[in-house]
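Read in my numbering, the sequence shown has 977 at position 459, and its numbers run on one by one without any break.
Glycine included, C-beta positions come from ideal geometry on N, C-alpha and C.
The structure displayed is predicted, hence computed values, not measured ones.
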Amino acid sequence: MAFFSEYLTWGMSPQEQTAYKQEKEAFVSDLEGGSMTKAHALTFMMVFSYWAWKANTAKKFHQNNDQFPTSPTTFSFIREGITFAAPFIVAMCYPSTFNITLISLGLFLKGLNDFRTGIPAPPQRRDKWEKDPRAIAYDSRFEPNKVTPKGFLNVCRSMLMLMTCFSILAVDFNIFSREFAKSETFGNTLMDLGVGSFVFSAGIVGYKPYIPNSGKGGSQPTRDSIPVLIFKGLKASLPLIALGLIRFIMVEGVDYQKHVSEYGVHWNFFLTLGLLPIFIPICMRISPQPRFAGYAIIILYQVLLWCFGLEDWIFTADRGSGFIAANKEGICSFLGYLSIALVGMGIGQTILPDPATWKDRADIPISMFAEWVLTWLAFGQARFLLGIDVSRRLANLPYVLWIVWFNTFVIWSMLIIENFIDGRLPPRFIRSKLPDNYTSPSLLSAVNKNSLSTFLFANLCTGAVNLTFKTLRIPDTGALAILTLYMIAILVPCVLLYIYNIRIR
């Protein structure tokens, strides 16, 4: 028992608790960031996981589509956990370039082998004048303004959620490299990338209500008056704002460690998320083109940071001078996150509606690629020509452009994989109802079905682990075991809710 007491918080004196709290706050403070390339490589592993899973699933479907399973099994959930969750857990805990390369290469080669051995060539035309049989089937089954589930998007959003859930606990252990933890002021780390990507992916699906006849409400939000939009936004925001307030009360109540320079004294990420449903409809009411609104906001915000002293005020203002000053990072950076969400909605405007024709289907990746190149070039201009450092704390112009160009590239890559593999289906399956197990991994569909609840549960589990264990004292093997059990504890409720078709939120 004495051995375990070394790693447990139970029995600590008030003085020890205070000293340990200060040590934990110092552990995540004053970090300068790490390699952007390594952060990209770790995040991009989800694309290799998707390629391996998609190729294997398509191989099984081509072999016997009549007996392809229509419901998940225990084995399929485990297999998907190994394919999607295990690689990033291992790579984040042991993040050498060799390990990341080896895992990514292994996933790529596994997918390549399944693709070469089990997926036939696409249907051929009898002569060059004949229309592609896939195009005939695709065009004839078009339903205007229909939004079918996008498997690649489901994978991207769910993987970002799982990586975020893992990181918020892993960052409290020594096994998690400091180069991945959130940078203090300027820098570009894995967790900096994850925060913005979380908002960006939410923005993509947030465009769905603005597609005519896409579901409840259709394009109604853009026709409401601004007071009505504010009222509706407040109703939609209440759960998130309530979670933000509850989190603040709980953190204060148990004297949990705080990183004040992240969002402020009272502010947290839930409050930032909670304000988005209020301001996004107003921006869409003013400008129905979300990309334009998003880029206009971030440019104006950067002007305020540079030319009107806002950046200096954020870094130097006394937090004791009022609520706004106490939460200056959270309040000011909201403009950057609002911009990210709006640009994400612009991506949703491109990829969510079903293409009308086979040619339109092929044009979407081209437009996505062009957007990636343009935002990548804009990031380079802002970062190296204008000399503005990336700052998650400010959510400034280069940070927003970084989030946009990298996430656009990831989504484009997954879209290419889906189009490439699904383009080899027989014409009778083109734009037809395919089994859910074929379009998206059941494990990730389970996460996506209750994503907000999953994130909240992960935060509660993170708090419970930190209140129970001295995470800074636990050796790497013990940390890996705890983190693995933590991820299992998060995924099991998701799977059970999915099996019984229960959606909380």
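Quick one: is residue i buried, meaning 16 or more other Cβ sit within 10 Å of its Cβ, or exposed?
i    : result
S963 : buried
R643 : exposed
V908 : buried
L860 : buried
Q820 : buried
T591 : exposed
S614 : exposed
W785 : buried
G629 : buried
V965 : buried
K753 : exposed
R765 : buried
R675 : buried
K967 : buried
I596 : exposed
P730 : exposed
I939 : buried
D710 : buried
E780 : buried
G854 : buried
W528 : exposed
I849 : buried
When DSSP builds the beta bridges, which residues end up paired with residue i?
i    : result
L526 : F987
Our contact map puts residue i next to residue j with C-beta atoms below 8 Å; I'd like the distance itself, whole angstroms only.
i    : j    : result
L549 : S701 : 5 Å
I882 : L933 : 7 Å
I935 : K572 : 6 Å
V689 : I816 : Contact flag wrong, Cβ pair sits at about 27 Å.
G669 : Q581 : That belief does not hold up - the Cβ atoms of G669 and Q581 are roughly 20 Å apart, past 8 Å.
R991 : E534 : Not confirmed; about 12 Å, so no contact.
Y656 : R879 : 7 Å
I869 : S715 : The Cβ separation is near 16 Å, so there is no contact.
V673 : S958 : 6 Å
A874 : T707 : No, A874 and T707 are not in contact; Cβ-Cβ is about 41 Å, not under 8 Å.
I906 : L915 : 6 Å
W831 : D650 : Contact flag wrong, Cβ pair sits at about 59 Å.
I618 : L560 : 6 Å
E598 : S960 : 7 Å
Does DSSP put residue i in a helix, a strand or coil?
i    : result
F691 : coil
V665 : coil
P613 : coil
V783 : coil
A699 : coil
Y725 : coil
E550 : coil
G898 : helix
T591 : coil
R765 : helix
K646 : coil
Y774 : coil
I686 : helix
S658 : helix
P944 : coil
Q540 : helix
T980 : helix
S567 : helix
When the distance is taken between beta carbons, is residue j closer than 8 Å to residue i?
i     : j     : result
G751  : G862  : no
I748  : I796  : yes
L625  : A570  : yes
R652  : P993  : no
I686  : N977  : yes
V717  : I948  : no
N845  : G782  : yes
N955  : T588  : yes
L823  : L912  : yes
G866  : V723  : yes
F698  : M610  : yes
F691  : A1007 : no
K577  : D645  : no
W930  : T893  : no
P532  : S567  : no
T666  : D872  : yes
K539  : Q775  : yes
A603  : L680  : yes
I607  : F684  : yes
Y1016 : C979  : no
L761  : L974  : yes
G864  : R910  : no
Can you tell me whether residue i sits near the ligand NAP, meaning its C-beta is under 7 Å from at least one heavy atom of the ligand?
i    : result
S755 : Ligands are entirely absent from the displayed structure, and the ligand NAP is therefore not among its contents.
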